[in-house]
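Asker: Numbering follows our numbering, with no gaps: position 107 of the sequence shown is 107. Ideal Cβ placement from N, Cα and C applies to all residues, glycine included.
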Amino acid sequence: MTQADSLRPPQPSSKMLAWADSESRQRLIAEFARTRGRVEVAALADELDVALETIRRDLKVLATRRLLKRVLGGAIPLETEAFESEIEYRSGVNLAQEHRIAAGAVALLREAESVYLDEGMTSRLIAERLVEKKLTVVTPSLLAAEALAHSETVTVLMLGGRMHGNTLAAVDHWAVDMLGSLVIDVAYLGAKGVSLEHGLTTLDPAVAAVKQTAVHMARRPILVAAESAFGIASFCRFAQISELETIVTGSEFSSSDVAGYEELGPTVIRA
1 MTQADSLRPP QPSSKMLAWA DSESRQRLIA EFARTRGRVE VAALADELDV
51 ALETIRRDLK VLATRRLLKR VLGGAIPLET EAFESEIEYR SGVNLAQEHR
101 IAAGAVALLR EAESVYLDEG MTSRLIAERL VEKKLTVVTP SLLAAEALAH
151 SETVTVLMLG GRMHGNTLAA VDHWAVDMLG SLVIDVAYLG AKGVSLEHGL
201 TTLDPAVAAV KQTAVHMARR PILVAAESAF GIASFCRFAQ ISELETIVTG
251 SEFSSSDVAG YEELGPTVIR A
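1. Do the CB positions of PRO140 and LEU109 come within less than 8 Å of each other?
2. With GLY193 as the anchor, note down where its beta strand (DSSP E) starts and where it stops.
3. VAL115 lies in the beta strand (DSSP E); which residues open and close that run?
4. Which stretch, first to last residue, makes up the beta strand (DSSP E) that contains ILE222?
5. Taking 8 Å as the threshold, find out whether the region 235-251 comes into contact with the region 69-78 through three or more Cβ pairs.
6. Please classify VAL106: is it buried, with 16 or more other beta-carbons within 10 angstroms of its beta-carbon, or exposed?
7. Look at the alpha carbon of ILE29 and the alpha carbon of ARG70, and state the distance between them as a whole number of angstroms.
8. Among GLY260, ASP49, SER251 and GLU263, which one has its Cα closest to the Cα of ILE278?
9. Candidates THR267, ILE247, ALA233 and ARG220: which alpha carbon is nearest LEU68's?
10. Is it the case that the Cβ atoms of GLY104 and THR167 are separated by a distance below 8 Å?
11. Tell me which residues share the same chain as MET217 and place their Cβ nearer than 7 Å to its Cβ, disregarding the 5 neighbours each side in the sequence.
12. How big is the Cα-Cα spacing for GLU245 and LEU135?
13. Thinking C-alpha only, which one of GLN212, LEU130, LEU48 and VAL61 is nearest ILE241?
14. Can the beta-carbon of LEU52 be found closer than 8 Å to that of ALA42?
15. Can you list, in chain order, the residues of its chain with a C-beta nearer than 7 Å to that of VAL39? Leave out the 5 residues immediately preceding and following it.
16. Tell me the DSSP secondary structure of LYS211 in three-state form.
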């Protein structure tokens with residue numbers, strides 16, 4: 001090092017330069033949440049070399065913008081009209097919870113002879129548990145149909161229509177018209193958002209139309225939803241809480257919130 005070099009003020013590292021701007025840092029945190037499924041306050045503070053309180057403020061801002069949902073110790077991503085995760089991403093997030101929910105849902109089948117399976121990863125997991133049942137399964141989901149393809153006892157009726165790329169499920173009027181001509185014993189339904197005020201919501205009007213029809217044509221509509229879906233509202237409402245027979249969610253769902261949903265009609269099961 002020369003004498004001139006020793007007299008120069010220390011230069012900020014590239015890491016410090018990159019995240020000194022709160023907007024850039026918050027964009028990165030939102031991207032981390034989407035790709036990782038969850039972010040933790042302590043881990044982010046260490047990774048981005050900022051204070052814990054800085055990360056907490058960032059998460060609060062992102063939650064206000066409805067990009068993240070705060071959970072104990074960190075945050076999880078919220079899906080919006082601008083961002084809807086693909087099935088490959090969802091298949092690796094909260095998988096243990098999804099398995100428990102699927103098992104809890106199948107336990108409610110009772111004497112049903114016909115079942116509707118919605119789009120989504122939970123429906124795929126439910127389908128895997130129906131392989132040896134004697135049933136007729138109606139579904140728009142390629143994932144659910146694939147799980148049942150080699151069953152010797154399940155008859156699968158695939159709804160037709162335009163394939164929704166992120167969910168690999170049929171949507172639009174072909175699916176709605178076919179489903180509207182059926183009477184289903186049990187419908188297992190998913191939702192992007194579930195709230196006391198707004199009911200069951202999803203992102204896409206075409207997806208919402210299929211879900212709404214399933215609710216109306218089912219004798220027993222059952223919501224299967226992870227804890228992360230509760231307390232938020234998405235773009236399109238397709239059902240009210242009062243239209244459901246049962247809600248099956250994870251044990252992570254707060255027991256203090258159960259009463260509010262049960263007051264509107266359905267039984268809440270925390271699997």
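Answerer: With the given structure in hand:
1. no
2. GLY193 -> beta strand (DSSP E) spans 193-195.
3. Counting along the chain, the beta strand (DSSP E) containing VAL115 begins and ends at 114-117.
4. 218-224
5. These segments do not touch.
6. buried
7. 13 Å
8. Any question about residue 278 goes unanswered here, given that the chain covers just 1 to 271.
9. ALA233
10. no
11. LEU179, GLY180, LEU182, VAL183 and ILE184
12. 20 Å
13. Ranking the options by Cα distance to ILE241, first place goes to GLN212.
14. yes
15. ILE29, PHE32, ALA33, GLY74 and ALA75
16. helix
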